[in-house]
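Residues in the sequence shown are numbered from 54 upward in steps of one, following the working numbering. Glycine residues also receive a C-beta, built at the ideal position from the N, C-alpha and C atoms. What you are looking at is a predicted structure, and each value in this text was computed from that prediction instead of being measured. As structure tokens, the structure follows; a few thoughts come after it.
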Amino acid sequence: MRKQFLEAWSKMITKLESWLDGLVVNLPNIVIALIVFISVLFVSKYVNKITLKILDKGKLQKSMKNVVAKLMAMITVLVGLILILGILDLSKTLNTILAGAGVAGLAVGLALQGALANTYSGIILSYIKFVKLGDWIKSNDYEGEIVNIDLRAVTLKQVDNNLVYIPNKQVVENPIKNYSRTSQSRVILNCGVGYESDLDFVKNLAVKTITKHFDSVESEDEVIFLYREFGDSSINFELRYWINSTSGLEVAKSKTEAIIQLKNTFDKNNINIPFPIRTLNIPDMKLGDKMLTLAK
């Protein structure tokens with residue numbers, strides 16, 4: 054038993070000595086590799102800054118510029134690591150790593166098809182001229198200001214200040230309504246008046262009210278008034294006009310002001326804005342010839 058222990062100890066000492074000899078022999082290469090590694094880190098930061106300066110002249114989204122710059126920095130570090138492996142004479146290790154990376158890349162690609170689709174869609178969105186940071190859009194039943202576009206999702210800030218993250222693939226594959234591509238926005242207001250109302254008088258009064266209280270409406274001809282239907286309790290109409298803003302919030306504020314002004318004007322002119330009313334008719338209940346009464 055003791056003999057086996059001594060043999061194992063001797064082999065371990067021999068192995069450690071060989072490692073130490075190899076370390077001493079390769080010490081210059083290790084020092085050079087360490088210097089190269091530190092230099093690559095500094096160069097990658099410089100590449101990041103240079104890439105951002107170059108991309109600032111293009112039309113890419115700011116978030117996409119940052120992604121591209123980081124990607125270029127990562128490629129620089131990767132090239133540096135390959136160079137370091139060559140300095141340390143680890144070419145066989147490099148081949149093993151590359152072979153493993155190829156197999157792993159195929160497996161990851163199959164597993165992350167959705168993520169890759171979002172990445173590709175994000176790149177497409179970065180080149181679309183009519184979708185930019187700060188635009189107010191509506192997509193996939195969500196409406197808000199674009200505050201970020203990255204390789205995964207488009208981030209919208211809604212009127213209530215909540216953030217909505219929509220995957221890039223869904224934005225690309227579905228219609229996008231952009232309120233910020235024109236200098237004006239249309240306000241559409243729906244309302245109704247009672248059946249006893251003078252419809253011509255209501256129309257003229259509503260058009261004059263909007264023209265008077267909104268500076269963006271220069272004449273009554275710019276206000277569109279349309280009766281839409283005979284409702285259950287009212288004759289419903291639709292009123293349209295333009296405001297000098299592309300913000301969804303400003304559209305909502307203008308619509309609120311229009312509702313207030315129309316309500317005040319209709320009240321002053323005894324025009325009724327009805328709401329649904331249900332009348333319940335309860336027949337008298339009799340038992341024989343006598344009326345049933347409820348005891349207190």
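query                                                                                                                             : result
Residues of its chain near residue 122, where Cβ-Cβ distance is below 6 Å and the 5 sequence neighbours each way are ignored      : 101, 104 and 105
Beta strand (DSSP E) segment containing residue 286, residue limits                                                               : Residue 286 -> no beta strand (DSSP E), and no H or E assigned at all.
Coil, strand or helix - residue 192 by DSSP                                                                                       : strand
Nearest-angstrom Cα separation, counted from residue 120 out to residue 108                                                       : 11 Å
The segment 258–266 in contact with the segment 307–319 per 3-pair CB rule at 8 Å                                                 : yes
Residue 276 - DSSP class collapsed to helix/strand/coil                                                                           : coil
For residue 289 and residue 280, the rounded distance between their alpha carbons                                                 : 6 Å
Residues of its chain near residue 198, where Cβ-Cβ distance is below 6 Å and the 5 sequence neighbours each way are ignored      : 189 and 210
Short Cβ contact (8 Å threshold) for residue 86 with residue 140                                                                  : yes
Secondary structure of residue 204, DSSP reduced to three states                                                                  : coil
Touching by the beta-carbon criterion (3+ pairs, under 8 Å), the segment 299–307 and the segment 321–330                          : no
Chain-order list of residues whose beta-carbon lies under 6 Å from that of residue 243 (same chain, five-residue window excluded) : 291
Member of 182, 176, 195 and 225 whose CA lies at the smallest distance from the CA of residue 204                                 : 176
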